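Chemist:
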Amino acid sequence: LDVTSSQYLVTDTEFRDTSFRKQLSETVKSLLSLKVIPIFNENDAVSTRRAPYEDSSGIFWDNDSLAGLLAMELKADLLVMLSDVEGLYSGPPSDPNSKLIHTYIKEKHQCEITFGDKSRLGRGGMTAKVNAAVCAAYAGIPSVITSGYATDSIIKVLQGKCVGTLFHRDAHLWTLVKELGVREMAVTARKCSRQLQAMNSEDRRKILLDIADALEANESLIKIENEADISGLAKSIRVLADMEDPIAQVLKRTELADGLILEKTSSPLGVLLVIFESRPDALVQIASLAIRSGNGLLLKGGKEAKRSNAILHKVITSAIPENIGEKLIGLVTSREEIPDLLKVICMILS
19 LDVTSSQYLV TDTEFRDTSF RKQLSETVKS LLSLKVIPIF NENDAVSTRR APYEDSSGIF
79 WDNDSLAGLL AMELKADLLV MLSDVEGLYS GPPSDPNSKL IHTYIKEKHQ CEITFGDKSR
139 LGRGGMTAKV NAAVCAAYAG IPSVITSGYA TDSIIKVLQG KCVGTLFHRD AHLWTLVKEL
199 GVREMAVTAR KCSRQLQAMN SEDRRKILLD IADALEANES LIKIENEADI SGLAKSIRVL
259 ADMEDPIAQV LKRTELADGL ILEKTSSPLG VLLVIFESRP DALVQIASLA IRSGNGLLLK
319 GGKEAKRSNA ILHKVITSAI PENIGEKLIG LVTSREEIPD LLKVICMILS
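19 is the number of the first residue of the sequence shown in the numbering used here; add one for each residue after it.
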């Protein structure tokens, strides 16, 4: 592999020493700065463990729990644990009815999973890996269990591809509607609504105030997810840019007489007026489609997203070349301007 490695043997009792844990972190940082990969293992030569192996110290008892402990001690960005199967399954991997769980949600999967036999290659098996991954994830370190047989497993994990099973402390926030079941959601929502209706006005008011506080408290998390949405918007625009030109496409050709051909071709409408909801992503999508189809555009978004629409409009129009002009796309910002727009529609289309 053309890399330098260094073996580091540890015992569970050493982790009770605060100075050891601090020095451990410094040592690893030093090795990494020298481009040396540290390899950790339990020092079996001086270990006092006896079969059957048990977590008598409450610190670690196999390489899985050691990996989780090291990830937390070293404040790792990611923990990847390799297994002899693709990841965590809903049942024994040998059972054809078992399904690979791509994202582990403790509240959902803890009681649903049936573990099979322990691995022949280690002490703990999948149960130990899951416990280590859960501990690391709840400490703020994303963890992935994936196959150690595939040579590119780690690379795919680092690329963010959907391989193995992901453990993340915020995974419960990402649960898809189809995973919960639409019927289950509807029944639960109905039950909760009855409880809400039984509350007095002051209690419902307090819920709203708590929601407002929660939004402010989670501002950084919301921004992170928003950045992911923006990245998706940019990708969709590039896909649209690479599509076949929709202008002057022959849709139908009819021979009316000898040498006389009638063609139906696609052409721009001219100027579009689009009024849309308070969804900033709609502005980007509509503007992109208008430009690709050769149309001018007037936009009116909801007041709730006024600031977002304004900055998106500014960013988009600033990228329009001068020979076209940034006035290609106009943004209506007040409700009072709507009547004036309706009055000039005929002039715009002529």
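Idealized CB from N, CA, C, for every residue including glycine.
Computed from a predicted structure; not experimentally measured.
Decide if A146 is buried, meaning its Cβ has at least 16 other Cβ atoms within 10 Å, or exposed.
Modeler: A146 should be labelled buried.
Chemist: With H, G and I counted as helix, E and B as strand and the rest as coil, what does DSSP make of S352?
Modeler: The answer is coil: DSSP assigns S352 none of H, G, I, E or B.
Chemist: Give me the Cα-Cα distance between I55 and E344, rounded to the nearest whole angstrom.
Modeler: Cα-Cα distance, rounded: 53 Å.
Chemist: Quick one, are the C-beta atoms of D95 and I173 less than 9 Å apart?
Modeler: No. Outside cutoff.
Chemist: Count the C-beta pairs between the segment 329-342 and the segment 293-305 that are closer than 8 Å, then say yes if the count reaches three, no if not.
Modeler: Touching, per the Cβ criterion.
Chemist: Which ranges does the alpha helix (DSSP H) cover as unbroken runs of at least 4 residues, wholly within the segment 234-301, from first to last along the chain?
Modeler: For the segment 234-301, whole alpha helix (DSSP H) runs of length 4 or above, ordered along the chain, are 237-259.
Chemist: What does the Cβ neighbour count give for G319, buried or exposed, with the cut at 16 atoms within 10 Å?
Modeler: The residue in question, G319, is buried, as its Cβ has 16 or more Cβ neighbours within 10 Å.
Chemist: Where E245 and H186 are concerned, what is the direct C-alpha to C-alpha distance, given to the nearest angstrom?
Modeler: Cα-Cα distance, rounded: 19 Å.
Chemist: Using the three-state DSSP reduction, which class does M99 fall into: helix, strand or coil?
Modeler: Reduced to three states, the DSSP call for M99 is strand.
Chemist: Which term fits F38, buried or exposed, when burial requires 16 or more other beta carbons within 10 angstroms of its beta carbon?
Modeler: Exposed, since its Cβ has fewer than 16 Cβ neighbours within 10 Å.
Chemist: May I have the straight-line CA-CA distance separating E44 from A168, to the nearest angstrom?
Modeler: Their Cα atoms are separated by approximately 32 Å.
Chemist: Using DSSP with H/G/I as helix, E/B as strand and the rest coil, what is L106?
Modeler: Residue state, collapsed to three classes: coil.
Chemist: Look at the alpha carbon of I225 and the alpha carbon of N218, and state the distance between them as a whole number of angstroms.
Modeler: Using only the alpha carbons, I get a separation of about 11 Å.
Chemist: Please name the residue in K209, I240 and R212 whose C-alpha comes closest to that of S191.
Modeler: Checking the sequence, you will find Leu at residue 191 rather than Ser. Among K209, I240 and R212, the Cα nearest to that of L191 belongs to I240.
Chemist: Can you round the beta-carbon distance between F78 and D30 to whole angstroms, since I take them to be within the 8 Å contact cut?
Modeler: Yes, F78 and D30 are in contact; Cβ-Cβ is about 5 Å, under 8 Å.
Chemist: Return the CA-CA distance between T272 and M261, expressed in angstroms with no decimal places.
Modeler: Rounded to the nearest angstrom, the two C-alpha atoms are 27 Å apart.
Chemist: In the DSSP output, which residue or residues are listed as bridge partners for V58?
Modeler: According to the sequence shown, residue 58 is Phe rather than Val. Its beta-bridge partners are Y26.
Chemist: Would DSSP call F185 helix, strand or coil?
Modeler: If DSSP states are grouped into helix, strand and coil, F185 belongs with the strands.
Chemist: Am I right that Y107 and S116 are in contact with their C-beta atoms under 8 Å? What's the rounded C-beta distance?
Modeler: Y107 to S116, Cβ: 4 Å. Contact.
Chemist: Give me the residue from L52, E104, N149 and S51 with the minimum Cα distance to L87.
Modeler: Looking at the Cα atoms, N149 is the closest of the given residues.
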